[in-house]
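J.:
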Ligand code: GDP
Ligand code: MG
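Residue numbers (UniProt numbering): 6 to 444.
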């Protein structure tokens, strides 16, 4: 993905607006990686539609490049799709784990208990699996490794009775995590059993545990468990493998819930709270999109505070002045050193920058800095109307700024190019149409 998405994004560089073709291409790349990550086709299509619509209809905020604007939209829409983390308050509660055999429930029970204990709470795991031989020993051992309370009884074959006694025996604990038996497939006895346990323990949350490799099988499971006990959140396990867990999004969507925890290994410490940024980056096989988006947003806010009288729409109505150009440069500068920004752009990081000669980036940075200094030596009317700048003014500005006349011509040339690009775009619409298009 890296190179193809990079290619598509590169086409946006220097553009102030994106075309339908640009968006089509980017959306295709995103679709490809989401489908590879097992995200449901209809979810992918929904997402594609909103990205397309927004990227074409929404106005890039002042000083934001087309590429950053599109990236922000992509990111926001993905956050919308995967959702925020399930709310897990750090207070007394009972959590019931549901899922098929082998999905990782027992491991997750011990992991979550460990996680809560690190938050200063006292968790206990109650093992109600009477179906699978060895379930008791496995749970007991993991809990001792996690150093958390544990209750189970290998001689009792009534899971509801074990649950009841377990809650009594571990009454001192703050958090009760009730592990259940799975089956190889969704069977009536499994559903009946978990319904009885749920009625007995009256949990605060029911979490569905899913293997990252689940794919579209997630749909039926989610539906069934949601119907029988109600699912409040999802745990995705085995993310240390190659599967990216996109199928779990189907379960989230189906149960109208969210993701609570992620499991990424066999030890009790291999657990983390779900966090949309890194999950999305992983789904797309990309760099840290979230960080980039934050930077774009911060740059936009700062720029708006500083230049309240600057209205990007003026740029489209009238002349593109040197002030407009400066504004665009400022916004870019605020995002930090160019090479760092590039590193955060998916597909641009890791090695690519190293292949460029060092001075390739410096030239760009130097050039921007020089342009700033030059503009400081210009009069207000020169900034507003750069076309009026003739040879004698160039000499004066050069003396004032200490920059070669050549540099000043370069700046004027750059401005002219940008201005022409903008004109072409203005020519596409007619007055009112244009206005409406920009809203
Ligand atoms: P249960 O049947 O739902 O209780 O599933 P288990 O907790 O017994 O897990 C089934 C298998 O998956 C065990 O061999 C676990 O060690 C393994 N497992 C569970 N979670 C993870 C994980 O996050 N990463 C890896 N690599 N293995 C896991
Ligand atoms: Mg188990």
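Even for Gly, the Cβ is constructed at its ideal location relative to N, Cα and C.
Which residue comes first and which comes last in the beta strand (DSSP E) that contains residue 242?
T.: Element bounds for residue 242: 238-242.
J.: So, residue 133 versus residue 180, is the Cβ gap smaller than 7 Å?
T.: Cβ atoms of residue 133 and residue 180: not closer than 7 Å.
J.: Using only the alpha-carbon positions, how far apart do residue 137 and residue 189 sit?
T.: So the alpha carbons of these two residues sit roughly 11 Å apart.
J.: CB of residue 243 to nearest heavy atom of the ligand GDP: below 6 Å?
T.: Checking every heavy atom of the ligand GDP against the Cβ of residue 243, one is found closer than 6 Å.
J.: In its own chain, which residues sit with a C-beta less than 6 Å from the C-beta of residue 205, not counting the 5 before and 5 after it?
T.: Same-chain partners within the cutoff: 165, 168 and 169.
J.: State whether the stretch 195-212 contacts the stretch 144-156, with contact taken as three or more CB pairs (one from each stretch) at a distance under 8 Å.
T.: The stretch 195-212 is not in contact with the stretch 144-156.
J.: Nearest CA to the CA of residue 119: which residue from 277, 273 and 288?
T.: Nearest C-alpha to residue 119: 273.
J.: Can residue 149 be considered in contact with the ligand FMN, in the sense that its beta carbon sits closer than 6 Å to one or more heavy atoms?
T.: Judged by which ligands are present, the ligand FMN is missing from the structure shown, whose ligands are the ligand GDP and the ligand MG.
J.: Taking three-plus beta-carbon pairs below 8 Å as touching, is the stretch 223-234 in contact with the stretch 249-269?
T.: At 8 Å Cβ cutoff, the stretches touch.
J.: Please identify the residue among 64, 30 and 131 whose C-alpha is closest to the C-alpha of residue 22.
T.: Of 64, 30 and 131, the residue nearest in Cα terms is 64.
J.: I'd like to know if the stretch 206-217 and the stretch 95-107 are in contact, where contact means that at least 3 CB-CB pairs between them fall below 8 Å.
T.: Cβ pair count under 8 Å is three or more, so yes.
J.: Tell me, please, which residues DSSP counts as bridged to residue 181.
T.: Bridge partners of residue 181: 99 and 129.
J.: Out of curiosity, what's the CA-to-CA distance linking residue 275 and residue 285?
T.: Spanning the two alpha carbons is a distance of roughly 19 Å.
J.: Just to confirm, are residue 287 and residue 249 a CB contact at a threshold of 7 Å?
T.: Closer than 7 Å, so yes.
J.: Provide the residue span of the beta strand (DSSP E) that contains residue 216, from first to last.
T.: That run of the beta strand (DSSP E) goes 210-216.
J.: Would residue 263 and residue 91 be called neighbours here (beta carbons separated by less than 7 Å)?
T.: Closer than 7 Å, so yes.
J.: At a cut-off of 6 Å, would you count residue 162 as near the ligand MG, judging by its Cβ distance to the nearest heavy atom?
T.: Residue 162: no, Cβ never under 6 Å from the ligand MG.
J.: Excluding five sequence neighbours on each side, which residues of the same chain lie with their C-beta closer than 6 Å to the C-beta of residue 105?
T.: Excluding residues within five positions, the ones whose Cβ falls inside 6 Å are 187.
J.: Return yes when the Cβ of residue 245 is within less than 7 Å of the Cβ of residue 269, no when it is not.
T.: Contact flag set, yes.
J.: If you reduce the DSSP assignment to three classes, tell me which class residue 270 lands in.
T.: Correct three-state label for residue 270: coil.
J.: Give the straight-line distance between the Cα atoms of residue 73 and residue 28, rounded to the nearest whole angstrom.
T.: Their Cα atoms are separated by approximately 13 Å.
J.: Can you check which of these residues, 242, 387, 382 and 422, is closest to residue 109 by C-alpha distance?
T.: Checking every option, the nearest Cα to that of residue 109 belongs to 242.
J.: Do we get a CB-CB distance below 7 Å when we pair residue 214 with the residues of chain D?
T.: This model lacks chain D altogether; it includes just one protein chain.
J.: The ligand MG and residue 154: does the residue's C-beta get closer than 6 Å to at least one heavy atom of that ligand?
T.: No, Cβ of residue 154 sits at least 6 Å from all heavy atoms of the ligand MG.
J.: So, at 7 Å on beta carbons, what are the nonlocal neighbours of residue 16 in its own chain, with the 5 sequence-adjacent residues on each side left out?
T.: Here the set comprises 27.
J.: Under a Cβ-count criterion, where at least 16 other Cβ atoms within 10 Å of its own Cβ denotes burial, should residue 386 be classed as buried or exposed?
T.: By the 10 Å Cβ count, residue 386 comes out exposed.
J.: Measure the Cβ-Cβ separation of residue 178 and residue 207 and say whether it is below 7 Å.
T.: For residue 178 and residue 207, no; Cβs fall outside 7 Å.
J.: Helix, strand or coil for residue 108, going by three-state DSSP, please let me know.
T.: Looking at residue 108 - three-state DSSP - the assignment turns out to be coil, as it is neither helix nor strand.
J.: Determine, using beta carbons only, whether residue 289 and residue 38 come nearer to each other than 7 Å.
T.: Yes, Cβ-Cβ distance for residue 289 and residue 38 is below 7 Å.
J.: Quick one: what's got a C-beta closer than 7 Å to residue 362's C-beta in the same chain, skipping five residues either side?
T.: With a pLDDT of only 44 at residue 362, under the threshold of 50, the placement of this residue in the model should not be trusted, and no figure is reported.
J.: Taking only heavy atoms of the ligand MG into account, decide whether any of them is closer than 6 Å to the Cβ of residue 140.
T.: Residue 140 Cβ: within cutoff of the ligand MG.
J.: Rounded to whole angstroms, what's the CA-CA distance from residue 36 to residue 216? Just pull it up for me.
T.: Roughly 22 Å separates the two Cα atoms.
J.: Quick one: what's got a C-beta closer than 7 Å to residue 173's C-beta in the same chain, skipping five residues either side?
T.: Counting only Cβ-Cβ distances below 7 Å, and skipping sequence neighbours, we find nothing.
J.: Taking buried to mean at least 16 other C-beta atoms within 10 Å of its own C-beta, is residue 237 buried or exposed?
T.: The residue is buried, with at least 16 neighbouring Cβ atoms inside 10 Å.
J.: Distance check for residue 117 and residue 145, CA to CA, integer angstroms please.
T.: Near 14 Å, if we compare the C-alpha coordinates of residue 117 and residue 145.
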